[in-house]
Amino acid sequence: MLNILAAATTGAADAPPAWMGWLPIVGMIAIFWFLIIRPQMRQQKAHQAKVAGLQRGDEVVTAGGIVGKVTKVDDTYAELEIAKGVKVRAVKSTIGDVIKPGAAGAAAND
Numbered sequence: 014m015l016n017i018l019a020a021a022t023t024g025a026a027d028a029p030p031a032w033m034g035w036l037p038i039v040g041m042i043a044i045f046w047f048l049i050i051r052p053q054m055r056q057q058k059a060h061q062a063k064v065a066g067l068q069r070g071d072e073v074v075t076a077g078g079i080v081g082k083v084t085k086v087d088d089t090y091a092e093l094e095i096a097k098g099v100k101v102r103a104v105k106s107t108i109g110d111v112i113k114p115g116a117a118g119a120a121a122n123d
C-alpha cells in the first residue's frame, strides 16, 4: 500500500506546469501575428499613404480596374479622367495603385 502511494505522489511531481499547456497556443498566435497580421497592416498603411498623397496628374488604377488620370482631389473623392472629356468620381479608398509615369510603356498592339 505504501508503494502505491509513493508511486502516485511521484507521478504528480512529474507533471508539467500548467502554463506549459498554453505555450503552443501562444506560439501559434505569435506565428499568425508575424506571418499574416503584421504584413497586412504594413500593406494597409502603405495604401493609405498612397491615397493620402494623391495629386492632380497622377495616373491611378481603381479596384474595379479602371485606369485614369486624377484631375481633382477631394477629402473623400477623386475625379478621374478615363478618356478625353470623360470624367468619373471615385471614392479615394477604392483606388488600388498609383501608376508611375514610365511604367505603362507602349501598348502591346501598337
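In my numbering, the protein residues as written are 14 to 123.
Yeah, the Cβ is synthetic: ideal placement off N, Cα and C, and Gly gets one too.
- Secondary structure of A62 (DSSP, three-state): helix.
- DSSP, reduced to helix, strand and coil, places G34 within a helical segment of the structure shown.
- Excluding its 5 nearest sequence neighbours in each direction, I108 has C-beta neighbours in its own chain below 8 Å: K63, V64, L67, V73, V74, T75, A76 and A91, listed in chain order.
- Taking C-beta atoms as the reference points, G98 and V83 fail to come closer than 8 Å.
- Note on geometry: alpha-carbon atoms of G78 and F45 lie some 31 Å from one another.
- According to DSSP, A91 shares a beta bridge with V86 and A103.
- When rounded, the separation of the alpha-carbon atoms in P52 and I42 is 15 Å.
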